[in-house]
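Visitor: Sharing a structure with you now.
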Amino acid sequence: MIRFNKVSLKYDKDTYAVQDLSLKIEEGEFVFIVGKTGAGKSTLFKLLTRELKPTSGSIKVFKDNIEYISNKNIPYYRRKLGVVFQDFKLLEDRNVYENVAFAQEVIGVNAFKIKKHVIKILNLVGLRNKATKMPYELSGGEKQKVAIARAIINKPKILLADEPTGNLDEMSTNEIIGLLNTINQNGTTVIIITHDMHLVERMNKRVIRLDEGNLVYDDYGLDNQIKNYLKNE
Ligand code: ADP
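At position 7 of the sequence shown (counting the first as 1) the number is 110 in the numbering used here, and the numbers step up by one without a gap.
So, in structure tokens, the structure goes:
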């Protein structure tokens, strides 16, 4: 479903943000992308959303090399992805229902269907009883559930989450990761960027670790270097 073939990206002449990255993510996988600050995680995210094009190499998502998508077609490509961010990015002047409905309004779904879909998704994320609340009336964990509901309502094949638990306490973190896990079990490929190694350790999923733009580890669970680091913390 996703193929990186020798992908490099330079923001300026001398330094690689990611270098010679080759990886495959298959449909239905649940993957953590980890690494210290500056490792290249956000760059990888932006390459996938086509905010950035590789300096060299190619990226195939679904059937196409996304570096060839024309500017006009980028919005259509992005509709196939669900995206979730650390800072939620909710519309502060709209309530929970409206925030989620908005994602369907922009693609022209009719009002009757929108209502049906939004209620279904709010039930899934456990926020049916908060439909009329405004974002400022919600906890961080609840805001992230709204953001996830909005990200999945158009049934994307891939859900990309950039530090989705970065602003949350441990209990909300576990709830959000549990929700992302359920979404994955329902068939969506889930890719989560995080630097929360304790979380990654608990989950025992596939982990791709970047270090200074290079892929240094790709397997299930944490690598020994990180495990040792956590032990000595
Ligand atoms: P991470 O998300 O893992 O913290 P990034 O992908 O943001 O890492 O950054 C990778 C490298 O690219 C870092 O050295 C960072 O300083 C550099 N970088 C990121 N964004 C830019 C930018 N817009 N311009 C120049 N350098 C950048």
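Glycine residues also receive a C-beta, built at the ideal position from the N, C-alpha and C atoms.
Predicted, not measured: the structure shown is a model, and the values here were computed from it.
Determine, using beta carbons only, whether Val209 and Leu225 come nearer to each other than 8 Å.
Guide: The residue labelled residue 209 in the question sits at position 106 within the sequence shown. The residue labelled residue 225 in the question sits at position 122 within the sequence shown. The answer is no: Cβ separation not under 8 Å.
Visitor: Assuming Asp321 contacts Ile311 (C-beta within less than 8 Å), just tell me the rounded distance between them.
Guide: Residue mapping note: residue 321 aligns to position 218 of the sequence shown, counting from 1. Residue mapping note: residue 311 aligns to position 208 of the sequence shown, counting from 1. Right, the Cβ-Cβ distance comes to about 5 Å (below 8 Å), so this counts as a contact.
Visitor: Taking the alpha helix (DSSP H) that Ile251 falls in, what are its first and last residues?
Guide: On the sequence shown, position 148 is the one that residue 251 refers to. Element bounds for Ile251: 243–255.
Visitor: By Cβ distance below 6 Å, which residues in the same chain neighbour Met237 in space, the five residues on each side in sequence not counted?
Guide: Position 134 of the sequence shown holds residue 237. Closer than 6 Å at the Cβ level, and outside the excluded window around Met237, lie Asn198.
Visitor: To the nearest angstrom, how far is it from the Cα of Val134 to the Cα of Met274?
Guide: Sequence index remark: in the sequence shown, residue 134 carries index 31 (1-based). Sequence index remark: in the sequence shown, residue 274 carries index 171 (1-based). Looking at the two C-alpha atoms, the distance is approximately 21 Å.
Visitor: Distance check for Lys223 and Thr292, CA to CA, integer angstroms please.
Guide: Within the sequence shown, residue 292 is the residue found at index 189, counting from 1. Within the sequence shown, residue 223 is the residue found at index 120, counting from 1. Spanning the two alpha carbons is a distance of roughly 20 Å.
Visitor: Measuring only from the beta carbon, is Ser159 closer than 7 Å to any heavy atom that is part of the ligand ADP?
Guide: Within the sequence shown, residue 159 is the residue found at index 56, counting from 1. No; taking the cut-off as 7 Å, the Cβ of Ser159 has no heavy atom of the ligand ADP nearer than that.
Visitor: With DSSP collapsed to three states, give me the class of Phe205.
Guide: By one-based count along the sequence shown, residue 205 stands at place 102. Helix at Phe205.
Visitor: So is Leu167 buried or exposed if we call it buried at 16+ other beta carbons inside 10 Å?
Guide: In the sequence shown, residue 167 corresponds to position 64, counting from 1. In the sequence on display, residue 167 carries Asp and not Leu. By the 10 Å Cβ count, Asp167 comes out exposed.
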